[in-house]
Structure formats: C-alpha cells, structure tokens
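When you read off a place in the sequence shown, starting at 1, and then add 591, the result is the number in my numbering. Using N, Cα and C, we set each Cβ at its ideal position, and we do this for glycine too.
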Amino acid sequence: MSNHNAPAFPYPIPEYGTEPYWAACNEERLVMQRCASCGQFRWQPAPICIHCQADGFTWSPLSGRGRIYTWTVVTHPIHPAAVAKVPYVVVEVELEEQAGLRMLSNLVDANLADIVFDAPVIVGFDRHPAGQLLPIFRLARP
Ligand SMILES: [Zn+2]
592 MSNHNAPAFP YPIPEYGTEP YWAACNEERL VMQRCASCGQ FRWQPAPICI HCQADGFTWS
652 PLSGRGRIYT WTVVTHPIHP AAVAKVPYVV VEVELEEQAG LRMLSNLVDA NLADIVFDAP
712 VIVGFDRHPA GQLLPIFRLA RP
C-alpha cells in the first residue's frame, strides 16, 4: 500500500570520499576501499587504513556474498516513511572476503522464521524513490 503523502525514507547523500561507493551501487556493484599497503578491506570509507594507517587504497569489488552476523526486526516505525514497511529487518552482514568486514543493511524477502545466525546472504540493490540504488541482502539459496 502506498501513501503519496508519506515522506520518503531519508536519502543517502554522497559526500567527499564516498561518491565512488554510491556510483558503484548505481551499477549494481558492491565495492569497498582496499588498502594498497596491507591489502585489507575497510568499512566504512575512511581516509586512512584502519589496520596499518597507510593512505593509499583502491575501490575494490566484493562478491556480495556473506553471512548474517546479527539482525533485528524493526516493528515500531521510527520515521513516517517506515509506517507502511514494518516489520522490516536490519541486518549486519560479515562479507566473505575478510573476517570482521561487516556492514549494516536490510534483509528483504525473508520469512522471519528463516533468519538464523550465520545464514548465507547475497547482496542485491533496491532503488530509493530519489533514484539511488541501495545495497540490500537476501537469504542465499543453496
Ligand atoms: Zn592497510
């Protein structure tokens, strides 16, 4: 059910240093900064490596595959745009490329009873009404 009077969800505003991330999302690619010195990925974007403090990096592609580290089911809408969406799932995904490399997102198209710790997930992209594609995750089927 849509309500044309409801405001849209808050919109991610690309800012200096994060434009390549959002541009890649718009091409349905998940990328993160990868240190040119030690090779570690980092999330969220930062001007220097959180592992070795080097400043060189590349925006490197990720497989989009990971596992559920933790999640919560939001049942109380904390924004007017969420009224029609509850319940929805906020998930923290550990990406397969690196232990401890985790990002927050939404888990969509899942029965709540099927969500378990360590379940495999795969990234997808969902278009915000303003046009930006946002990374979301779905349970991966074997
Ligand atoms: Zn490093």
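Rounded distance between the beta-carbons of residue j and residue i, thought under 8 Å
i	j	result
Arg729	Asp700	5 Å
Arg619	Leu724	The question names Arg, but residue 619 in the sequence shown is Glu. About 6 Å; that satisfies the 8 Å criterion.
His670	Phe600	7 Å
Chain-order list of residues whose beta-carbon lies under 7 Å from that of residue i (same chain, five-residue window excluded)
i	result
Thr609	Pro636
Strand pairing of residue i, partner residues [DSSP]
i	result
Arg625	Phe632 and Thr649
Tyr602	Per DSSP, none; premise fails for Tyr602.
Glu659	For the record, residue 659 in the displayed sequence is Ile; it is not Glu. DSSP output for Ile659 lists Val684 as bridge partner(s).
Asn697	Val681
Val714	Phe728
Residue burial classification, residue i (beta-carbon count within 10 angstroms, cutoff 16)
i	result
Val682	buried
Gly655	buried
Cys643	exposed
Cys640	buried
Tyr612	buried
Cys629	exposed
Val664	exposed
Val677	exposed
Chain-order list of residues whose beta-carbon lies under 6 Å from that of residue i (same chain, five-residue window excluded)
i	result
Gly715	Ile727 and Arg729
Ala731	Pro711, Val712 and Ile713
Asp717	Leu725 and Ile727
Ala721	Tyr602
beta-carbon residue i near ligand 2 non-hydrogen atom, thresh 8 Å
i	result
Ser628	This structure does not include ligand 2; its bound ligands are ligand 1.
Close-in-space but distant-in-sequence residues of the same chain around residue i (CB under 8 Å, 5 per side omitted)
i	result
Gln689	Gln631 and Phe632
His719	Ala599, Phe600, Tyr602, Pro603 and Leu725
Val680	Trp662, Thr663, Val664, Val665, Asn697, Leu698, Val699, Ala701, Leu703 and Ile706
Ala673	Phe600, Val665 and Tyr679
Gly691	Glu685
| Within the chosen definition, does the segment 622 to 633 reach the segment 648 to 658 through at least 3 CB pairs nearer than 8 Å? | Enough Cβ pairs lie closer than 8 Å, so yes.
* Can at least three beta-carbon pairs, one atom from the segment 703 to 719 and one from the segment 654 to 674, be found at a separation below 8 Å? -> Under the Cβ criterion (8 Å, minimum of three pairs), the segment 703 to 719 counts as touching the segment 654 to 674.
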